[in-house]
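Presented below is the structure to which this report refers.
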Amino acid sequence: MTRDAFLARYGGVYEHSPWVAEACWPPPEDLAGAMRAVVDAAPRERKLALIRAHPELASRAKMAEASVKEQAGVGLDQCTPAEFEAFQRLNAAYNARFGFPFIYAVKGATRAEILAAFQARLRNDPETEFETAIAQIHRIAGFRLADLL
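Written as structure tokens, this is what we have:
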């Protein structure tokens, strides 16, 4: 596989952050581990940009195709009016508190589970939530990478 083909295939594993895949060329045997290590070694500001590259849940904003599929896969595109209002209210409260969107690896979850996690994590301190967001991003990337492999 050429570098360009590799980047075309794996550049979107981490949402709008092809720098992660670029740092893994040539690809190692443990691509998932290498990608995780690149993110973990990145400066805080780059990690914050990675977190902020993710869309809000149940949002009508334009998002990466992978995010559209992931959110639709758990029915976030079919929220009741009350659920949609709850997601919007929680998105606003979360962004106001932490300065970045709520990140949750939605695959296999229900809307109720996601809303419960949202409410629980609003009580976290900012550093804990920053680290939790990065951990959730790694989970999302793991799902995406597994789908590609």
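Start counting the sequence shown at 190; every next residue gets the next number (our numbering). Each residue gets a CB set at the ideal place from its N, CA and C atoms; glycine is no exception.
| Check | Outcome |
| --- | --- |
| As assigned by DSSP and simplified to three states, the class of Val202 | coil |
| Residues near Val202 in its chain [Cβ-Cβ closer than 6 Å; skip 5 each side] | Ala330, Arg333, Leu334 |
| Residues near Glu272 in its chain [Cβ-Cβ closer than 8 Å; skip 5 each side] | Ala247, Arg300, Leu304 |
| Residue span of the alpha helix (DSSP H) that contains Leu246, given as start and end | Looking at the DSSP string, Leu246 is not in any alpha helix (DSSP H), and its letter there is neither H nor E. |
| Buried or exposed (CB count within 10 angstroms, at least 16 for buried), Glu245 | buried |
| Proximity of Pro290 and His243 at Cβ, strictly below 9 Å | yes |
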